[in-house]
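Undergrad: Add 1 to a position in the sequence shown, counting from 1, and you land on the number used in my numbering. The beta-carbon is built from N, C-alpha and C at its ideal position, and this holds for glycine as well. Sending over a structure as structure tokens; questions will come in a sec.
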Amino acid sequence: MDLAFWRDLSLFYLFTMQLIVTLLMAVALYFLLRAVVAMRRKATDGVRFARRYVAVAHNRSIQLADRAATPLIQVHVWFARAVAVVRTLRPGRSFTAQTKESSQ
């Protein structure tokens, strides 16, 4: 048993240790990658689920806002009509003169 034998044996031992560590890291990274893919799939499903309910809430809020605004718009229309009638019926102002002023 000369020195070359021990050199070869120690190189084999060091190579084997490095190989084991490399294989363990490869296995760990493989399972980590599978876990990330599974989590991404779950997150994508969750985002789709949330997006659907956000769209439902958005549409419902628009419906409720329209329902709440309709009486206010009707009151505004009624008030604007009353103001227009009062302006038209004021003495000293003719309807044609008012129409000419508003078109300029």
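#1: Determine the DSSP secondary structure at residue 92, reduced to helix, strand or coil.
#2: Could you tell me the distance, in whole angstroms, from the CA atom of residue 6 to the CA atom of residue 13?
#3: Excluding the 5 residues flanking residue 18 on each side, which residues of the same chain have their C-beta closer than 8 Å to its C-beta?
#4: Give me, in chain order, the residues of the same chain whose beta-carbon lies closer than 8 Å to that of residue 32; leave out the 5 immediate sequence neighbours on both sides.
#5: Between the alpha carbons of residue 46 and residue 40, how many angstroms are there, rounded?
TA: Looking at the atomic coordinates:
#1: Here residue 92 corresponds to residue number 91 of the sequence shown, with the count starting at 1. Coil at residue 92, not helix or strand.
#2: Residue 6 sits at position 5 when you count from the first residue of the sequence shown. Residue 13 sits at position 12 when you count from the first residue of the sequence shown. Cα-Cα distance, rounded: 11 Å.
#3: Locating residue 18 in the sequence shown gives position 17, where the first residue counts as 1. Correct list: empty, nothing qualifies.
#4: The count along the sequence shown starts at 1 and reaches residue 32 at position 31. Here the set comprises nothing.
#5: As a position in the sequence shown, residue 46 is number 45, starting the count at 1. As a position in the sequence shown, residue 40 is number 39, starting the count at 1. Rounded to whole angstroms, residue 46 to residue 40 spans 10 Å at the Cα level.
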